[in-house]
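Chemist: With UniProt numbering, letter number 263 in the sequence shown gets 263, and the count goes up by one each step, no holes. Next up is a structure, given as structure tokens.
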Amino acid sequence: MSDENVMEMENESNSNYGKRMIKIGLSLIILILLLVALISSVMIVKEGEYKVVRQFGEIVRIEDEPGLKFKLPLIQTVSTLPKKKMVYDVNEKEINTLDKKRMIIDNYAIWHIVDPDKMINNARTMIGAEARMGEFIFSVIRTELGQMNYEEIINDEESSRGDLHKRITERVNQLLARDEFGIRVDDVRIKRTDLPDENEQTVFRNMISERESKAQEYLSKGEAAKNRIIAQTDREVTEMLSKANAEAAAIRAEGEQEAAKIYNESFSKDEDFYQLYRTLESYKKTINGETTIILPQDSPYARNLTGYFE
Numbered sequence: 001m002s003d004e005n006v007m008e009m010e011n012e013s014n015s016n017y018g019k020r021m022i023k024i025g026l027s028l029i030i031l032i033l034l035l036v037a038l039i040s041s042v043m044i045v046k047e048g049e050y051k052v053v054r055q056f057g058e059i060v061r062i063e064d065e066p067g068l069k070f071k072l073p074l075i076q077t078v079s080t081l082p083k084k085k086m087v088y089d090v091n092e093k094e095i096n097t098l099d100k101k102r103m104i105i106d107n108y109a110i111w112h113i114v115d116p117d118k119m120i121n122n123a124r125t126m127i128g129a130e131a132r133m134g135e136f137i138f139s140v141i142r143t144e145l146g147q148m149n150y151e152e153i154i155n156d157e158e159s160s161r162g163d164l165h166k167r168i169t170e171r172v173n174q175l176l177a178r179d180e181f182g183i184r185v186d187d188v189r190i191k192r193t194d195l196p197d198e199n200e201q202t203v204f205r206n207m208i209s210e211r212e213s214k215a216q217e218y219l220s221k222g223e224a225a226k227n228r229i230i231a232q233t234d235r236e237v238t239e240m241l242s243k244a245n246a247e248a249a250a251i252r253a254e255g256e257q258e259a260a261k262i263y264n265e266s267f268s269k270d271e272d273f274y275q276l277y278r279t280l281e282s283y284k285k286t287i288n289g290e291t292t293i294i295l296p297q298d299s300p301y302a303r304n305l306t307g308y309f310e
């Protein structure tokens, strides 16, 4: 075989090898493009999130069920929005109460997205949605607390404060639904109420003065109640003693009357004994350790005293 034939066969072999490599390369490129297209057409929807599918910037659908979903590669794009509840810390702001006192209110809200389509169309972004929600919350709180005095706010009982939070939440949701922002507030809570630094000491002094006045009022009422109770008790004791003394006097008089009756019945049986008894009784009243009596010896009074009864 000549050299020309050998060279011709080598050229043909190289040409066939090059064509095979080109085919293999094209096949690999096509396979890679298919894999890329397949991968880019797959999206995973996780629990607690929305997948927003856009085509040329327009929303075509929203996926909210967890699982494996598909989209058109290169044409459609996907963005994610949270489906779970979120906490928005509202910036503290100053309000005026009904009694013209300034207060700094610090509150927060728990909220979630209920309609991603409306939220994107009307609020554009989550930051925009939170900004509008914060404006509504401040407006409603300013209106509600502006109808209350300062002490009513800081001394509000838990049940009343709960009603206030409920009213604020309901009103904010009404405003959000009116403007179709696609979000809903679950709860609005006031976590802190402060006074501006320049007013704090003045208000505290006024509060202390009011508390002292109220305490003095309670003390005065207590003292008056005590005096009424003492007077009532003294009156009842006096009435009880008077009644007891009257009953004792009646019993004593009845006893003395009965004794006199017994004495009379006894003495009437022996007049001499009665005279002797009266004489002896008179001795007890007239004679003591320092008594000096001068009587005739034959006096009946002296004879009884000396024990001579003849």
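Yeah, the Cβ is synthetic: ideal placement off N, Cα and C, and Gly gets one too.
If you draw a straight line from the alpha carbon of Phe-70 to that of Glu-47, how long is it in whole angstroms?
Modeler: About 17 Å.
Chemist: Check whether the Cβ atoms of Glu-180 and Lys-118 lie closer than 8 Å to each other.
Modeler: yes
Chemist: Buried or exposed: Glu-158, going by 16 or more other Cβ atoms within 10 Å of its Cβ?
Modeler: Caution is warranted here: a pLDDT of 47 is assigned to Glu-158, below 50, making its placement in the model unreliable, and the coordinate value is therefore given only provisionally. Burial call: exposed.
Chemist: Whose C-beta lies closer than 7 Å to the C-beta of Met-148 among residues of the same chain, with five residues either side of it excluded?
Modeler: Thr-97 and Leu-98
Chemist: Would you kindly report the start and end of the unbroken alpha helix (DSSP H) that includes Val-48?
Modeler: Here residue 48 is Gly; the residue named in the question, Val, does not match the sequence. Counting along the chain, Gly-48 falls outside any alpha helix (DSSP H), and DSSP gives it neither H nor E.
Chemist: Which of helix, strand or coil does DSSP assign to Phe-181?
Modeler: Phe-181: coil per DSSP, three-state reduction.
Chemist: Do you know whose CA, among Ile-153, Ile-208 and Met-133, lies nearest Arg-171's CA?
Modeler: Minimum Cα distance to Arg-171 is reached at Met-133.
Chemist: Quick one, which of Ile-262, Glu-92, Asn-206 and Ile-110 has its alpha-carbon nearest Tyr-150's?
Modeler: Asn-206
Chemist: Since residue 330 is in the alpha helix (DSSP H), which residue starts that stretch and which ends it?
Modeler: Nothing in the structure corresponds to residue 330, since the chain is present only between 1 and 310.
Chemist: Measure the beta-carbon distance from Pro-73 to Ser-41 and round it to whole angstroms, keeping in mind my assumption that it falls under 8 Å.
Modeler: 4 Å
Chemist: Between Ile-44 and the rest of its own chain, which residues show a CB-CB distance below 7 Å, the 5 nearest in sequence each way excluded?
Modeler: Leu-68
Chemist: Taking the alpha-carbon positions, what's the Ser-79 to Val-52 distance?
Modeler: Distance between the alpha carbons of Ser-79 and Val-52 is about 5 Å.
Chemist: Please name the residue, chosen from Asp-194, Ala-177, Thr-169 and Arg-178, that lies closest to Asp-186 on a Cα-to-Cα basis.
Modeler: Of the candidates Asp-194, Ala-177, Thr-169 and Arg-178, the one whose C-alpha sits nearest the C-alpha of Asp-186 is Thr-169.
Chemist: Assuming Glu-152 is part of the beta strand (DSSP E), what are its boundary residues?
Modeler: Taken as a continuous stretch (DSSP letters only), Glu-152 belongs to no beta strand (DSSP E), being part of the alpha helix (DSSP H) at 150-154.
Chemist: I need the boundaries of the beta strand (DSSP E) containing Asp-115, first residue and last residue.
Modeler: Asp-115 -> no beta strand (DSSP E), and no H or E assigned at all.
Chemist: Evaluate Ala-246 with the Cβ neighbour count: other Cβ atoms within 10 Å of its Cβ, from every protein chain shown; 16 or more gives buried, anything less gives exposed.
Modeler: exposed
Chemist: Can you tell me where the beta strand (DSSP E) with Phe-70 in it begins and where it stops?
Modeler: 67-70
Chemist: Straight-line CA distance for Asp-115 to Leu-35?
Modeler: If I take the Cα positions, the gap works out to 34 Å.
Chemist: Can you tell me whether Tyr-218 is buried or exposed? The criterion is at least 16 other CB atoms within 10 Å of its CB, across all chains shown.
Modeler: exposed
Chemist: At the level of alpha carbons, what is the spacing between Ser-242 and Arg-252?
Modeler: Between Ser-242 and Arg-252, the C-alpha separation is close to 15 Å.
Chemist: Can you give me the Cβ contacts of Lys-101 inside the same chain, cut-off strictly under 6 Å, excluding the 5 residues immediately before and after it?
Modeler: Tyr-150
Chemist: Does DSSP put Glu-157 in a helix, in a strand, or in coil?
Modeler: Unreliable positioning characterises Glu-157 in this predicted model, as indicated by a pLDDT of 49, which lies under 50. The coordinate reading is nonetheless provided below. Coil, per DSSP.
Chemist: Tell me, which residues are paired with Met-207 by DSSP?
Modeler: Partner(s): none; Met-207 has no beta bridge.
Chemist: Could you tell me if the beta carbon of Ala-177 falls within a distance shorter than 7 Å of some heavy atom in the ligand SAM?
Modeler: For the structure depicted, the ligand SAM is absent and the ligand set is empty, with no information on it obtainable.
Chemist: Give the DSSP-derived three-state secondary structure of Leu-74 in the structure shown.
Modeler: coil
Chemist: In three-state terms, what does DSSP make of Arg-20?
Modeler: helix
Chemist: Helix, strand or coil for Leu-176, going by three-state DSSP, please let me know.
Modeler: helix
Chemist: Go to Asp-89, then tell me how far its beta strand (DSSP E) extends in each direction, as first and last residue.
Modeler: 86-96
Chemist: CB-CB under 7 Å to Leu-175, same chain, minus the five flanking residues each way: which ones, in chain order?
Modeler: Phe-136
Chemist: Find the nearest neighbour of Leu-145 within the set Trp-111, Thr-193 and Thr-125, judged by alpha-carbon distance.
Modeler: Checking every option, the nearest Cα to that of Leu-145 belongs to Thr-193.
Chemist: Can you tell me whether DSSP reads Asp-194 as helix, strand or coil?
Modeler: strand
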